[in-house]
Amino acid sequence: MNYQSTDWPRGGRAARGDMIRDAPILPPKDSFAFDLKEALDLAPPSTPSSVAASTISASSVNRYLDGGPPSLSNRAYHHSHEQAYLTPPPPPPPPPPPPPPQSQPLPAHLNRGQSHRGFNMASTNKAQSQCLHLCSAVASTCDQVAEKMSEYIGLVKHLPHGFGPLANDVLGTCQVLFFIEAGLGDAARQQQSLPLDMITVLEKKFRAAQADFRSLDHVVTKQLDYERAGAMGRMRRGFGKMFGDNSLERMMHRLAKTREDIKISALMFQWKLGAERMESELGIGYIGLAAALEGTEYRLQRAASTTSEDKMSNYRSPVSKEPAHHRSVENHHTAMSEHSQPPSLPPLPRSDRSIGHGHDSLASAESQGYGLGSEYSHLSPYTRYTASSNGSTHSHEGQYGKRIAPDRLSTFDEAAEQSTALDETVSDVKALELDGAKAFRIESDPYNMPRQRPRSTVDTDRSNVNQILASAVRAGDHKLVAQLLDRGVAPDTGLEAHALNEAIMNLDAESVRLLLLYGADANATDREGLSPLAAAAEKSFLDGAIALLKYGANPNMPLGPDIDPPLYTAAANNNVRLSHVLLAYGAHANATTSSRNTVMVGAINKKAPKNLIDMLLNYGAGPNEKNGEGKTAMFEAITSARVDIVNSLIEHGANTNLPGPKHLLWPATYQSPCLQALLDNGADCKKTPGIMELATSINNIESIRILLKAGVDPNAKKDGVYTPLCSSIRDNRKDIFDLLLRSGADPNVPASEYPCFKCVTHHREQYLPALVAAGGNLHAPKGILETAVVSKNGPALKWLLDQGIDPNDKTPKGHTALTSAIRDNHIGFVDTLLARGANPNIRGQDWPVCMAVHNPEILARILAVLPEPRAFKGVMEMAVVANQLESVKLLLNAGVSVEDRNGGVFSPLTSALREHRKEIVIFLINDGRADVNAPGEHLPIVKALRRLAPEDPEYLVDALLEKGADPNKVYRGWNGIMQAIENGDIDMLKKLVQKSGVDMDVKDELGRTVTEIAISRRWEEAVDVLLTYARN
1 MNYQSTDWPR GGRAARGDMI RDAPILPPKD SFAFDLKEAL DLAPPSTPSS VAASTISASS
61 VNRYLDGGPP SLSNRAYHHS HEQAYLTPPP PPPPPPPPPP PQSQPLPAHL NRGQSHRGFN
121 MASTNKAQSQ CLHLCSAVAS TCDQVAEKMS EYIGLVKHLP HGFGPLANDV LGTCQVLFFI
181 EAGLGDAARQ QQSLPLDMIT VLEKKFRAAQ ADFRSLDHVV TKQLDYERAG AMGRMRRGFG
241 KMFGDNSLER MMHRLAKTRE DIKISALMFQ WKLGAERMES ELGIGYIGLA AALEGTEYRL
301 QRAASTTSED KMSNYRSPVS KEPAHHRSVE NHHTAMSEHS QPPSLPPLPR SDRSIGHGHD
361 SLASAESQGY GLGSEYSHLS PYTRYTASSN GSTHSHEGQY GKRIAPDRLS TFDEAAEQST
421 ALDETVSDVK ALELDGAKAF RIESDPYNMP RQRPRSTVDT DRSNVNQILA SAVRAGDHKL
481 VAQLLDRGVA PDTGLEAHAL NEAIMNLDAE SVRLLLLYGA DANATDREGL SPLAAAAEKS
541 FLDGAIALLK YGANPNMPLG PDIDPPLYTA AANNNVRLSH VLLAYGAHAN ATTSSRNTVM
601 VGAINKKAPK NLIDMLLNYG AGPNEKNGEG KTAMFEAITS ARVDIVNSLI EHGANTNLPG
661 PKHLLWPATY QSPCLQALLD NGADCKKTPG IMELATSINN IESIRILLKA GVDPNAKKDG
721 VYTPLCSSIR DNRKDIFDLL LRSGADPNVP ASEYPCFKCV THHREQYLPA LVAAGGNLHA
781 PKGILETAVV SKNGPALKWL LDQGIDPNDK TPKGHTALTS AIRDNHIGFV DTLLARGANP
841 NIRGQDWPVC MAVHNPEILA RILAVLPEPR AFKGVMEMAV VANQLESVKL LLNAGVSVED
901 RNGGVFSPLT SALREHRKEI VIFLINDGRA DVNAPGEHLP IVKALRRLAP EDPEYLVDAL
961 LEKGADPNKV YRGWNGIMQA IENGDIDMLK KLVQKSGVDM DVKDELGRTV TEIAISRRWE
1021 EAVDVLLTYA RN
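So, in structure tokens, the structure goes:
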């Protein structure tokens, strides 16, 4: 419903405009009182209110002319002073009685009305004053409880169950109380009396709320005392929980009920006064608790709630829907869960605030018949402190700015004015030629910079104000920052909550300006040793850095152990303008970091602007200065392939022969333009022996050409070993190979091996003709053919044989190509070499036939061309040891004796018995007709008894006995009978003596007979067997 008011306030058109902007147009006389009574569920008046109900006496005007609670005040302080403020002054002395009137007396009904009006006026004013006093007291208590809760949140690591929702209920109830207090104060200032029955209901609700807050204060104080007492206090709290402490849950339900009882009054007062005037009534305790909840888990849950956006206020013009990522800039601050949403107030007709979408706000507004798009929740400072720091600093431009209604642009106009304020401070420096390399100096004069003192110090000694200021800066709330600073809060908030650094990290120019304006120390560091100027350099915040420097920031101040100087950070980020500003204000161009890196070295990279390096050089940076790793700027420029910077450094006096840490020609070999620049400016190649080989190894033919042109020897060895020519063969770079040969590289200068050998070992046989044509010697040193065999390079072997290389040449180790081919079982190479004249009678690693017994196929080829195999003693025993029965057969067929001893000792038969070659033993004694009594290292029967096979212990012994082996034959003082006694095998002893009897006269090397040996063993059974089968 709309009314046309006919009672305009004083002050002319401006005052009337304020009234229209801040509140709905009200009906004359008692409309506000009527709406309040309706909101409080009171019976409406039966008759229209009289004029007395809407007027206030002159004394009330004087009493409330300056009334109303101050913004952001200490509620306890305000409450202590408000009692005197609200107490009516003593009445003046009664005037002398007037003379009797000459006129006719008034009618009786008029006299009764006048008397009744005076009675109502007096009683209402007194009750209303008491109600306002009581409301202030309850609001003060609520604010104190909120302050204690914020302190408790700062002490604990994990909030108790239910504490988060309770804290939000406290915030919502505090807010409602602050709004009602502001509304009652405004009613007093406007000389507007409220009906007595309304005041009575409000007073009753206030007293109930006061009792609830006293109980809550007791609960919170007890929890706070537990935390302050340390471990013992927490133990006591734990014992209390064992008995079921649900005080937090009870208080949460009571506060929710209290808030629901009184929030309708707040709705009506906001509807009357406007959201802008209500916002300033929030207390320090409220703001502190809202800031404390910012980093808690409960805060995250609240921020995650979502609401509908399809409902709009009937006081707003329709706004088109925007994408979700645009809405989040405004709306994620106001989203709250349903159980903790503060009371929602109806929107103003022309508010500059964004739309909130809390569930409770929609429900509350709908139930009262107001528009659905509540804007109240955005006014809460809690939402200001839950905003992300990045989001608070973004400019409102682009598509988002275009969709904002014209009546909502004041906020952005304010931001533009704030930005302009800092722009005016830094504009003179930014107007300089900061992109150029020319050096100039700027003198810092912080004493002549704008300063402002706070107009009051009421919040100077308040607890948690530093954290509140830092939180306000973090949220980008410039209005609150200014209010706090103007009320005496120190801009230097300490190491833990560094407000100036927060503003810098958020790129918040206005907060930086305000903090510096109120005296923030531009050189104060945080707990990590980070200064504001270093933070500005880290964020590339040019305006902030200029403002800091103007207010006395020292660009050379020592910082924390892991913090780099601002100039180094700006230069490493390739920020030319910021680096120029720092240098102009006196930053040392040769400054070093904690890791001992220099600004010049840190600034050089693949994308560094050349004018940045020129600027540093013009400001005195040393071109030959080394960092902690021994690197110079020239070395870094070369490794970054920045020939332009190399030339600039040379122009400024850089030494081209200064190692940094290596000689500059070494890294320059990788970058041909840099190499050319160094050689053109005096770099000495003699100080880098082997540089040609390095250029070859990295396959940089352009650098090779530059070095050859500079006169570098193509045969110079690197590390005394590697030559360029061999490296080009190794890497298969024919272009470099041909270039080196044309430039005079010697094909006979060895590296780790000779060039011709390198071609063979690396299968680069295609380069051999060019090497030979250039003078390469295939015959010196000898052994290239054996190298081809070892390298398994068949094409090279054939090419070398075609060139007339002797197939019987030996390597320095005495190996021949044939023996190496036999050792490696390379039958093809054996055939090739034998076909090209390799001599099997020439010893290499060993005799070819002796090596060939391991491979019967190769042995057959060797025996085919070997004129006299019997000349190689022991070859048969070698074949037995090699376990090659086929080789044994080949040798027997070639005429090699079966009794051929190796080394004159080891016979084939005894070696076969020793090695358990069962098949070879049977072949030797059967087909080979080996003598079973011919000794090798021992007699065959003794060797068989010593090497009895576990799987068939008597097989070989039986085979020998069957072929006539004599166990009584003695060789080297031992025979088969003695070995059987030594083994302790009665069965084998019986088998031997039954086969051949016992010669009782034979003796061992100690002169003992077989019976004496058995007696010495105390083996009576053996003695009986021996005596039984004795021959004589």
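Note that UniProt numbering has the sequence shown beginning at 1, numbered continuously upward.
In this text, a Cβ means the ideal position worked out from N, Cα and C, and glycines have one as well.
Sequence-distant partners of Arg1031 (beyond 5 residues in either direction) whose C-beta falls short of 8 Å from its own C-beta, in its chain, are Gly997, Val998, Asp999 and Met1000. Secondary structure at Ala654: coil, using DSSP grouped into helix, strand and coil. Non-local C-beta neighbours of Leu740 in its own chain, meaning closer than 7 Å and more than five positions away in sequence, comprise Pro714, Pro724, Leu725 and Ser728, ordered along the chain. Per DSSP, the beta-bridge partners of Ala1030 are Val998. Judged by DSSP secondary structure, Asp809 falls outside any alpha helix (DSSP H); it is assigned neither H nor E. No Cβ-Cβ contact shorter than 8 Å links Val489 with Leu515. Judged by beta-carbon spacing, Ala835 lies beyond the 8 Å limit of Glu786, meaning their Cβ atoms are not closer than that value.
Gln144 and His588 have their C-alpha atoms roughly 51 Å apart.
For Leu707, the closest of Arg513, Asn655, Ala695 and Ile546 by C-alpha to C-alpha distance is Ala695.
When the five nearest sequence neighbours on each side are left out, the beta carbons in the same chain lying within less than 8 Å of the beta carbon of Met251 are those of Leu166, Asp212, Ser215, Leu216 and Val219, in order along the chain. Scanning its chain for C-beta atoms nearer than 7 Å, with the 5 sequence neighbours on each side dropped, one finds around Tyr971 the residues Pro935, His938 and Leu939, in chain order. Straight through space, the alpha carbons of Arg474 and Ile262 are spaced by roughly 33 Å. Cβ atoms of Arg577 and Leu485 stay farther apart than 8 Å, at about 30 Å. Closest in alpha carbon position to Leu548, among Leu649, Tyr568, Leu517 and Asn902, is Leu517.
Just so you know, the alpha carbons of Leu559 and Ala499 end up roughly 18 Å apart.
For the options Asn793, Leu422, Thr173 and Gly288, the alpha carbon positioned closest to that of Leu255 is the one of Thr173. In this structure, DSSP gives Lys718 an extended state, which the three-state scheme calls strand. A straight line joining the alpha-carbon of Glu899 with that of Ala751 spans about 52 Å. Classified as exposed, Asp1024 has fewer than 16 neighbouring CB atoms from the shown chains inside 10 Å of its CB. Contact between Asn975 and Val1002 holds: their C-beta atoms lie close to 6 Å from each other, under 8 Å.
Contact between Thr569 and Ala603 is ruled out by a C-beta separation of about 10 Å, above the 8 Å threshold.
Asn448 counts as exposed, since fewer than 16 other C-beta atoms from the protein chains shown sit within 10 angstroms of its C-beta.
Proximity of the region 458 to 472 to the region 634 to 642 falls short of the contact definition, fewer than three beta-carbon pairs being nearer than 8 Å.
Ile546 and Val429 have their C-alpha atoms spaced approximately 7 Å apart. Inside the region 135 to 189, DSSP marks whole alpha helix (DSSP H) runs of 4 or more residues at positions 163 to 189, from first to last along the chain. Taking 8 Å as the cut-off, the beta carbon of Gly586 is found no closer than this to the beta carbon of Pro623.
For Thr816, DSSP records a beta bridge to Lys810. Taking C-alpha positions only, Leu533 is separated from Thr632 by approximately 27 Å. For Ala1022, the number of other beta carbons within 10 angstroms of its own is at least 16, and it is reported as buried. In this structure, Asp809 lies near Gly783, with their beta-carbon atoms less than 8 Å apart. By the neighbour-count criterion, in which 16 or more other beta carbons inside 10 Å mark a residue as buried, Lys204 falls on the exposed side.
When DSSP states are grouped into helix, strand and coil, Asn841 belongs to the coil group. The criterion of a C-beta distance shorter than 8 Å is satisfied by Ser150 and Ala292. Rounded to whole angstroms, the Cβ separation of Tyr551 and Leu583 is 18 Å, and the two are not in contact under 8 Å. Ala553 counts as buried, since at least 16 other C-beta atoms from the protein chains shown sit within 10 angstroms of its C-beta. Only residues of its own chain outside the window of five on either side were considered, and among them Asn624, Thr632, Met634 and Leu664 have a CB closer than 8 Å to the CB of Leu658, listed in chain order.
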